[in-house]
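Student: Before we start, here is the structure in question, set down as structure tokens.
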Amino acid sequence: MTTVNTGATEAADEPTGRHAPVADRSGGPVRPSRAARVRRGIGMAAVVAVGAGVIGLGTGVSPAAAERAPAHAGWDGSRYWYKNSQGQWRWTTHYDVYVARTGDHSAGPGSSSSHGSANGGVAVDRNVETAVQYALAQVGKPFRTAGNGPDGYDCSGLVQQSFRRGGIKLPRIANDQYAATTPISARELRRGDLLFWSPNGTKRGIQHVAIYLGDNRYVEAAHPGTRVRISRISSGYYPAYMGRP
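As numbered in this note's numbering, residues 1 to 245 make up the sequence shown, in order.
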């Protein structure tokens with residue numbers, strides 16, 4: 001069984017000073033002080049058994065034992081992947097944690113190899129990034145039914161006009177836009193992909209579309225009474241379909 005260092009302070013084998021073993025008054029065996037036992041307990045509590053191994057959890061980092069291993073280290077569209085010193089996959093959504101663990105700046109926001117983030121990442125395709133930047137520039141403008149801009153948009157109008165700026169032609173209606181994309185899975189999501197919602201779960205029932213930004217965020221023209229905004233994917237409002245223009 002493999003044990004991973006959790007980073008928690010462990011009790012020394014030969015504690016000294018105020019943490020030294022305390023002799024039993026009856027003359028019995030020497031036992032560790034309470035402080036040493038507490039520290040040892042903390043070290044044990046930070047270890048979580050997964051499968052046949054033991055995985056230690058570090059700050060801002062999650063184990064990947066229950067998930068399929070990524071194809072490569074770095075940003076996958078929603079999280080940063082890397083291997084720890086034992087060769088085990090770990091992920092974090094915090095760029096600074098990723099850099100601290102790996103020293104790798106190439107997967108960060110603004111990198112051409114990054115799948116991007118809501119705060120300035122770059123899409124793999126320049127035309128797609130042009131579309132994303134146009135959509136982000138519309139944030140704050142009002143929702144308008146059948147709106148094609150520039151003063152207001154509905155969901156599919158925002159998507160169509162954004163991709164038009166990148167030289168990519170898409171139909172006007174959300175379910176037709178899905179039909180014009182290449183279907184992808186959540187694991188394949190990257191900046192500039194499209195998210196689709198369908199109340200009845202069917203492709204013909206698609207009624208909303210948004211542009212994925214990375215880091216589980218997307219830009220959308222949601223519904224009357226709102227403005228173009230950046231939202232976060234949630235389990236309570238999860239897209240039924242995803243597609244790549």
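Glycine residues also receive a C-beta, built at the ideal position from the N, C-alpha and C atoms. Since this is a predicted model, take the numbers as computed values, not measurements.
#1: Taking buried to mean at least 16 other C-beta atoms within 10 Å of its own C-beta, is R90 buried or exposed?
#2: Is the Cβ-Cβ distance between R229 and V139 less than 8 Å?
#3: Just mark D176 as buried or exposed, buried being the case when its beta carbon has 16 or more other beta carbons within 10 Å.
#4: Could you tell me the alpha carbon to alpha carbon distance between D211 and K141, rounded to whole angstroms?
#5: Using a Cβ distance threshold of 8 Å, determine whether the region 199–209 contacts the region 145–153, with at least three qualifying pairs required.
#6: Taking only the alpha-carbon atoms, compute the straight-line gap between I173 and A179 and give it to the nearest angstrom.
#7: Give the DSSP bridge partners of F143, in chain order.
#8: Given a threshold of 16 other Cβ atoms within 10 Å of its Cβ, counted over all protein chains shown, does Y80 qualify as buried or as exposed?
#9: Quick one: Cα of N127 to Cα of Q133, how far?
#10: Which residues does DSSP pair with A210 in a beta bridge?
#11: Helix, strand or coil: how does DSSP classify V228 here?
#12: Alpha carbon to alpha carbon, what distance is there between L195 and Y241?
Tutor: Looking at the atomic coordinates:
#1: Numbered from 1 along the sequence shown, position 90 holds the residue referred to as residue 90. It is buried - the Cβ of R90 has at least 16 other Cβ atoms within 10 Å.
#2: Residue numbering aside, residue 229 sits at position 229 when the sequence shown is read from its first letter. Residue numbering aside, residue 139 sits at position 139 when the sequence shown is read from its first letter. It is a contact, given that the beta carbons lie within the stated cut-off.
#3: For the purposes of this step, residue 176 is identified with residue 176 of the sequence shown, where counting begins at 1. The residue is exposed, with fewer than 16 neighbouring Cβ atoms inside 10 Å.
#4: If you number the sequence shown from 1, residue 211 lands on position 211. If you number the sequence shown from 1, residue 141 lands on position 141. Per the sequence presented here, residue 211 reads as Ile, with Asp not at that position. Near 16 Å, if we compare the C-alpha coordinates of K141 and I211.
#5: no
#6: Numbered from 1 along the sequence shown, position 173 holds the residue referred to as residue 173. Numbered from 1 along the sequence shown, position 179 holds the residue referred to as residue 179. Cα to Cα, I173 sits roughly 10 Å from A179.
#7: Position 143 of the sequence shown, counted from the start, is the residue given in the question as residue 143. Answer by DSSP bridge pairing, in chain order: Y153.
#8: Position 80 of the sequence shown holds residue 80. With 16 or more other Cβ atoms within 10 Å, it is buried.
#9: As a position in the sequence shown, residue 127 is number 127, starting the count at 1. As a position in the sequence shown, residue 133 is number 133, starting the count at 1. Straight-line Cα distance between these residues: approximately 10 Å.
#10: Locating residue 210 in the sequence shown gives position 210, where the first residue counts as 1. A210 is bridged to L195.
#11: Mapped onto the sequence shown, residue 228 falls at position 228. Coil at V228, not helix or strand.
#12: Here residue 241 corresponds to residue number 241 of the sequence shown, with the count starting at 1. Here residue 195 corresponds to residue number 195 of the sequence shown, with the count starting at 1. If I take the Cα positions, the gap works out to 6 Å.
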